[in-house]
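> Numbering (full-length UniProt numbering), first residue to last: 1 to 108.
First, the structure itself, so that you have it in front of you.
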């Protein structure tokens with residue numbers, strides 16, 4: 001159990017906040033609430049990232065733009081995504097309100 005006021009929080013300079021919602025020892029899964037401020041992004045303009053694992057996300061509010069390989073998707077509330085994290089990817093909030101979602105990142 002993780003109380004709301006006891007979550008580990010990582011705030012990035014790029015306008016992104018990750019909150020750790022739960023963790024099991026040796027499970028290698030991050031259970032996160034992510035928030036992208038308006039103009040926030042996971043990496044610099046045109047920069048895609050890669051890492052090991054699988055990513056699963058569900059947008060609760062706002063709008064996120066996902067660049068995945070050569071494709072771009074606009075994720076709205078209720079939309080979900082899952083992909084192999086070795087595919088180059090990035091997220092950005094081009095909207096005027098914060099974008100929030102629940103994410104699982106399973107490491108290999």
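The beta carbon of each residue, even a glycine, is placed where N, CA and C say it ideally should be.
What number of angstroms, rounded off, separates the C-alpha of residue 100 from the C-alpha of residue 78?
In the chain shown, counting from the first residue as 1, residue 100 sits at position 100. In the chain shown, counting from the first residue as 1, residue 78 sits at position 78. Between residue 100 and residue 78, the C-alpha separation is close to 11 Å.
> CA-CA distance, residue 66 and residue 38?
As a working note, residue 66 is residue 66 in the chain shown. As a working note, residue 38 is residue 38 in the chain shown. In a straight line, the C-alpha of residue 66 is about 15 Å away from that of residue 38.
> Tell me the DSSP bridge mates of residue 4?
Start at 1 with the first residue of the chain shown, and residue 4 comes out as number 4. Paired residues: none, contrary to the question.
> How many angstroms separate the CA atom of residue 33 from the CA atom of residue 70?
By one-based count along the chain shown, residue 33 stands at place 33. By one-based count along the chain shown, residue 70 stands at place 70. Roughly 26 Å separates the two Cα atoms.
> Which of the three DSSP states is assigned to residue 14 in this structure?
Along the chain shown, one-based indexing puts residue 14 at 14. The answer is coil: DSSP assigns residue 14 none of H, G, I, E or B.
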